[in-house]
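Asks: One structure is given below, represented as structure tokens, and several questions about it will come after.
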């Protein structure tokens with residue numbers, strides 16, 4: 065693959081770069097196919113000279129610029145900047161009529177907040193159930209809690225003698 069990249073020249077602590085077209089397998093300062101520009105970063109402002117016609121010709125023939133070469137080409141207006149990657153913004157949906165939202169919670173659950181944490185000895189090795197299944201079980205436990213417990217299932221009062 066052919067790359068458009070910078071070849072370092074100059075002396076120690078005084079770099080000057082050539083914008084060259086080279087095989088991607090050749091070393092940075094090694095053999096190149098054609099020199100198409102020049103970049104001196106030390107003066108303020110930096111000196112950049114690029115042969116636009118040669119750049120366009122090589123790009124049409126499939127040459128790919130390196131990151132630093134792309135930066136120079138974008139600065140000179142020869143390439144459009146890459147679109148910035150953005151993270152999708154999560155939309156906040158308000159109101160109970162929102163599609164896909166869970167049904168409104170009962171006042172008892174809303175007042176209590178979330179379910180109490182499980183005790184360490186009752187931790188199961190099964191993976192958590194999907195959210196829809198947990199909502200159904202929460203509704204079932206609310207209905208069961210609203211009904212009074214039968215007398216047989218009620219726990220006997222604790223005796224003080226068994227301490």
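In this note's numbering, the protein residues as written are 65 to 227.
Every residue, glycine too, gets a C-beta built ideally from N, C-alpha and C.
1) Can you tell me where the alpha helix (DSSP H) holding residue 127 begins and where it ends?
2) What does the alpha-carbon distance come out to for the pair residue 237 and residue 139?
3) Thinking C-alpha only, which one of 100, 86 and 126 is nearest residue 94?
4) Which class does residue 154 belong to by DSSP, given the choice of helix, strand or coil?
5) Taking the Cβ atom as the reference point for each residue, do residue 116 and residue 136 lie within a distance shorter than 8 Å?
6) Keeping to the same chain, check which residues put their C-beta closer than 8 Å to that of residue 100; ignore five residues upstream and five downstream.
Replies: The relevant details are as follows:
1) Here residue 127 belongs to no alpha helix (DSSP H), and DSSP marks it neither H nor E.
2) Examination of residue 237 is not possible in this model, given that the chain is present from 65 through 227 alone.
3) Checked all of 100, 86 and 126; the closest Cα to residue 94 is 86.
4) Shown here, residue 154 sits in coil according to DSSP, grouped into three states, outside any helix or strand.
5) The beta carbons of residue 116 and residue 136 sit no closer together than 8 Å.
6) Taking C-beta separations shorter than 8 Å and ignoring five residues to either side along the sequence, the partners of residue 100 in its chain run 68, 83, 84, 85, 114, 115, 118, 119 and 122, following chain order.
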